[in-house]
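So the protein sequences, as listed, match chains A and B. Numbering of the first sequence is given in the working numbering, commencing with residue 30 and proceeding in unit increments. Numbering of the second sequence is given in the working numbering, commencing with residue 55 and proceeding in unit increments. Backbone N, C-alpha and C fix where the C-beta goes; we use that ideal spot for every residue, glycine too.
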Amino acid sequence: MRAGLDPWPFVIASYALAIIATFALVWWSWRAMRRAEKRREEVRRK
Amino acid sequence: MHGFANPKRFLTIARPLTPALLVLGSLLLFGSLAYGLFAAPAERLQGETVRILFVHVPAAWLGMAGWSVIAMASIAEIVWRHPLAAIAGRAAAVPGAMFTAICLATGSLWGRPAWGTWWEWDGRLTSMLVLLFLYFGYIALAGATAREGVSSRISAIFGIVGVINVPVIHYSVLWWYSIHQPPSLSMGKSAMAPEFLWPLLAATLGFSLIFSAVVLMRMRALLADAQAEARLRRKALDSDRRPTQGEW
Chain A
30 MRAGLDPWPF VIASYALAII ATFALVWWSW RAMRRAEKRR EEVRRK
Chain B
55 MHGFANPKRF LTIARPLTPA LLVLGSLLLF GSLAYGLFAA PAERLQGETV RILFVHVPAA
115 WLGMAGWSVI AMASIAEIVW RHPLAAIAGR AAAVPGAMFT AICLATGSLW GRPAWGTWWE
175 WDGRLTSMLV LLFLYFGYIA LAGATAREGV SSRISAIFGI VGVINVPVIH YSVLWWYSIH
235 QPPSLSMGKS AMAPEFLWPL LAATLGFSLI FSAVVLMRMR ALLADAQAEA RLRRKALDSD
295 RRPTQGEW
């Protein structure tokens, strides 16, 4: 551990980055899946 | 194994499994990360920065696991021609790349207070960066082959060749002089104190369940797109074959 550097901003930035990126990926994948499945149903109904 | 390659059976299993993996993964993840942030003790040498372990190590594991999934799916595609194998490989690429990027970013954030540098061109860090570039190449290649209607075996071969980097990442800290510490965990052995080990395993499991849910969601999206495109093509062919009034 290097003296003089406050570790907390680095710790909080790591957690924020990991959590935000993970749940952004979940949200994006969920939306893409819903959109694709809706399109498939529309094509089937036509 | 071959039974799951049937798209209909896959959807029957994936539909209830996706939300279950998401809920269980989120619970495990928030529990273990809350422990890591607020309750884990400071380490003797690394002090408070050791808390980054609980996000950095699972991200590294998933970066490598993602490419292993691509390699296994690629083998299944080439050897057994499973209809879902190419879709599984493509579905694992984006989450794999994302966790590799998280690993590199959190490693950099750990390196600055621990080593005094954001980046070092040593074996472990460089081979992890190479993995990220391999993911970019695979995503571009798989997207192009799907768009152009070219055989997906080209991206499958790239997926198999690229897996050579996974053991290189793992053993890099043993093969070359490295600023990165050697592995603290291996099969059946741990050099880690239990107050770090068990929450780390819980965080890794939580991230892995969420990763699996994302792969399933992306597989469902790719499968739905392929089925819609196939139906549209069939309809277009049918309407082309139907004779017009003047042809009777």
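**Neighbour list for Ala275 of chain B in chain A, Cβ cutoff strictly below 8 Å** = Ser58, Ala61, Met62, Arg64, Ala65, Glu66
**alpha helix (DSSP H) segments (min. 4 residues) lying fully within the stretch 218-292 of chain B** = 219-229
**Asked** Within the chosen definition, does the stretch 223-232 of chain B reach the stretch 70-80 of chain B through at least 3 CB pairs nearer than 8 Å?
**Response** no
**Request:** Assign Trp302 of chain B to buried or exposed, taking buried as 16 or more other Cβ atoms, counted over all protein chains shown, within 10 Å of its Cβ.
**Result:** With a pLDDT of only 47 at Trp302 of chain B, under the threshold of 50, the placement of this residue in the model should not be trusted, and no figure is reported.
**Beta-carbon gap between Ser181 of chain B and Val222 of chain B smaller than 8 Å** = yes
**Delimiting residues of the alpha helix (DSSP H) encompassing Thr154 of chain B** = 139-169
**Request:** Take Val217 of chain B as the anchor and find which of B:Gly101, B:Arg288, B:Leu188 has the nearest alpha-carbon.
**Result:** B:Leu188
**Message:** Let me check you understand the geometry: is the CB of Met126 of chain B closer than 7 Å to at least one non-hydrogen atom of the ligand GDP?
**Reply:** The ligand GDP is absent from the structure shown, which contains no ligands of any kind.
**Message:** Residues of chain B with CB closer than 7 Å to the CB of Arg69 of chain A, please, in chain order.
**Reply:** Ala278, Gln281, Ala282
**Message:** Buried or exposed for Glu249 of chain B, going by 16 or more other Cβ atoms inside 10 Å?
**Reply:** exposed
**Item:** Beta-carbon proximity list for Ala144 of chain B, same chain, < 7 Å, skipping 5 on both sides
**Value:** Looking at the sequence shown, residue 144 of chain B is not Ala but Arg. The answer, listed in chain order, is Ala196, Leu276.
**Request:** Please classify Ile141 of chain B: is it buried, with 16 or more other beta-carbons within 10 angstroms of its beta-carbon, or exposed?
**Result:** buried
**Message:** Out of B:Ser262, B:Leu71, B:Val104, B:Arg272, which one is the CA nearest neighbour of Trp169 of chain B?
**Reply:** B:Val104
**Prompt:** Taking all protein chains shown into account, do 16 or more other C-beta atoms lie within 10 angstroms of the C-beta of Thr171 of chain B, making it buried, or fewer, making it exposed?
**Reply:** exposed
**Request:** Taking Gly191 of chain B as part of the alpha helix (DSSP H), name the residues at either end of that continuous run.
**Result:** 177-202
**Item:** Min CB distance His110 of chain B to chain A below 8 Å
**Value:** yes
**Prompt:** Any Cβ of chain A within less than 8 Å of the Cβ of Gly101 of chain B?
**Reply:** yes
**Asked** Can you list, in chain order, the residues of its chain whose CB lies under 7 Å from that of Val184 of chain B, leaving out five sequence neighbours each side?
**Response** Asn219
**Message:** Output needed for Ala113 of chain B: all residues of its chain with C-beta closer than 8 Å, excluding positions within five of it in sequence on either side, in chain order.
**Reply:** Phe153, Thr154, Ile156, Cys157, Thr160, Phe261
**Asked** Out of curiosity, what's the CA-to-CA distance linking Pro61 of chain B and Arg272 of chain B?
**Response** 14 Å
**Asked** Under the rule that 16 or more other beta-carbon atoms within 10 Å means buried, what is Trp230 of chain B, buried or exposed?
**Response** exposed
**Asked** In chain order, what residues of the stretch 164-175 of chain B put their CB closer than 8 Å to some CB of chain E?
**Response** Among the protein chains of the structure shown, namely A and B, there is no chain E.
**Asked** What is the DSSP secondary structure of Glu174 of chain B, reduced to helix, strand or coil?
**Response** coil
**Message:** For a quick check, are the C-beta atoms of Ala147 of chain B and Ile193 of chain B less than 8 Å apart?
**Reply:** yes
**Ala290 of chain B vs Arg69 of chain A beta-carbon contact at 8 Å** = no
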